[in-house]
Amino acid sequence: MVDRTAVVVGAGIGGLCTGLALRRQGWQVTVLERAPAFGAVGAGIALFSNALTGLASLGVDERIRAAGRVEASGGTRTSDGRWLARLDAADLVDQLGTESLGIHRATLHGILRDALPEGTTTVTGAEVVEVVAGPPAEVTYVSDSTRTTLRADLVIGADGLRSVVRRRLWPDAPAPVYVGTTAWRGVTDQPWAGEPLVGITWAPGAEFGTVPLGDGRIYWFGAVNAPEGGRAPDELSAVRERFGSWHAPIPALLDATSPETVLRNDLYHLGTPLGSYVTGAVALLGDAAHAMTPNLGQGAAQAIEDAVVLGLSLAGGTDVAAGLARYDTERRPRSQQIARASYLVGRFGQQLRNPLAVGLRNVMVRLTPPRVALRSMARYVDWRPPSETRA
């Protein structure tokens, strides 16, 4: 059988998982990455059971578990430290089927990159300038002032929120929408000596969260309602101004973080769901297909699910058109449902500002048994890959 060829545009978590999934099915894969080099970018990430299940099907879960940290107990608090809900790590296993795992994004990315089989072609500094849906599909990119066109049986747009592939081939799709929130992310410089709690803290229009990482450091994030495009000369100082008076250990976590490592990003999502993730021999995946807010912690997990299902849909010499149709049918309803739910959770949580509504929300959270709350989460993280042989 002649090897089938695929071009993956984007070498983030979703793109690398796609490369792994297709290579496991015998495809020849070229991955194009816009960045000039791979570096230690990003902050932390929490991987729930569906993400870990997907990574297991790609054969990389053991390395990731070894480099991550099983999340400890935690819960939800108000800014003065009062607990609204406490969760035990054992409850996560009982209700969700497995622990969740905290890991630095750069560590996860490095493991996925190193796992790509020999023979996978990766091109950095590749600026995609044109895409033809085909079949056969074509991708034209510029690297070091040289213009190159690749023809392939399959092209995957895994190039994120501002996807070039989506703009080129889904020209009528609305642009990503600002959700009204800006977020800071950081990681402590050294391993944390205090209790490694997983937590979310709420105040009107604001949220602060923590996730322990595998190397002992703590990943933290802070989010507030804010106008789009705001920036500060010193973002860590801006975080201290907003969260420095909140309960311990938040001020100490900020003190333990170098200012130059703090990231700030406005949050966007695809407010209008796409009518299809497929056109011709091209498919969208991850944020390019269903960019969502981080409120359910499902952005990377859904990209991993996408990659696994795409690989299985194109297994065993399956016709590309039939495989992509199966991928779209399998992935679009679930990922769009989760994107919508994540947006609504943000409206109920971090974005809520009205004092009366905040008080009512807090009472509801306090009165809801933790196991009931976890069961509501299970609908999003209870996932298994479809059978390779399913029609």
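Residues 780 to 1170 (our numbering) make up the sequence shown, in order.
Glycine is no exception: its CB is placed at the ideal position from the N, C-alpha and C atoms.
Provide the residue(s) that pair with residue i in DSSP beta bridges, ordered along the chain.
i       : result
Val1088 : BP columns for Val1088 are empty, so no partner.
Phe987  : Thr980 and Gly1001
Val911  : Glu917
Glu906  : Val921
Thr901  : Val810
For residue i, which of the options has the nearest alpha-carbon?
i       : options                             : result
Pro1028 : Gln1077, Ala1017, Ala972 and Ala905 : Ala972
Leu1131 : Arg996, Ala985 and Thr1097          : Ala985
Ala1067 : Glu1109, Arg946 and Gly939          : Gly939
Tyr1056 : Ala1152, Glu1109 and Asp1045        : Glu1109
Val990  : Ala1079, Gly793, Ile882 and Ala1017 : Ile882
Val839  : Leu887, Arg813 and Trp806           : Leu887
Gly1009 : Phe1000, Leu1139 and Tyr957         : Tyr957
Leu866  : Trp949, Val1003, Gly978 and Ser858  : Gly978
Pro914  : Val1099, Ser1121 and Asn1141        : Val1099
Val786  : Gly1065, Thr919 and Gly889          : Thr919
Is any beta-carbon of chain C found at less than 8 Å from that of residue i?
i      : result
Asp782 : In the structure shown, chain C cannot be found, because there is only a single protein chain.
Report buried or exposed for residue i, applying the criterion of at least 16 other Cβ atoms within 10 angstroms of its Cβ.
i       : result
Ser879  : buried
Ala1170 : Any reading at Ala1170 must be qualified, since the residue scores a pLDDT of 39, below 50, and its modelled position is unreliable; the value itself is stated next. So Ala1170 ends up on the exposed side.
Leu1046 : buried
Met780  : With a pLDDT of 48 at Met780, under the threshold of 50, the modelled position of this residue cannot be trusted; read the value that follows with caution. Flag for Met780 reads exposed.
Thr927  : exposed
Glu812  : buried
Arg996  : buried
Glu1007 : exposed
Leu1135 : exposed
Glu841  : exposed
Val1151 : exposed
Glu897  : exposed
Trp862  : exposed
Thr832  : buried
Pro815  : exposed
Ser924  : exposed
Gln969  : exposed
Gly1095 : exposed
Roughly how far, in whole angstroms, is the beta-carbon of residue i from the beta-carbon of residue j, given that I think they are within contact range, below 8 Å?
i       : j       : result
Gly965  : Ala822  : 6 Å
Ala1086 : Ile824  : Actually they are not in contact, since the Cβ atoms of Ala1086 and Ile824 sit about 16 Å apart, beyond 8 Å.
Thr797  : Leu929  : The pair is not a contact, with the Cβ atoms about 16 Å apart (cut-off 8 Å).
Ser836  : Pro1164 : 5 Å
Leu933  : Ala1060 : 5 Å
For residue i, verify whether its CB is less than 7 Å away from any heavy atom of the ligand MN.
i       : result
Val1124 : Ligands displayed in this structure: none; no statement on the ligand MN is therefore possible.
Task: Complete runs of the alpha helix (DSSP H) confined to the segment 1097 to 1165 [at least 4 residues] - done: List check, alpha helix (DSSP H) in window: 1099 to 1127, 1134 to 1146 and 1149 to 1160.
TODO: Tell me the start and end of each unbroken alpha helix (DSSP H) in the segment 809 to 893 that is at least 4 residues and wholly inside, in chain order.
DONE: Unbroken alpha helix (DSSP H) stretches of 4 residues or longer found wholly inside the segment 809 to 893: 828 to 836, 840 to 846 and 868 to 875, given in chain order.
Open item on the list: Restricting to runs no shorter than 3 residues, where is the beta strand (DSSP E) found entirely within the segment 1034 to 1095?
Closed with: 1042 to 1048 and 1061 to 1063
Open item on the list: Quick check for students: name the residue ranges of the alpha helix (DSSP H) that lie wholly in the segment 934 to 966, counting only runs of 4 or more.
Closed with: For the segment 934 to 966, whole alpha helix (DSSP H) runs of length 4 or above, ordered along the chain, are 943 to 948.
Open item on the list: Report the start-end ranges of each beta strand (DSSP E) in the segment 782 to 808 that is 3 residues or longer and not cut off at the edges.
Closed with: 784 to 788
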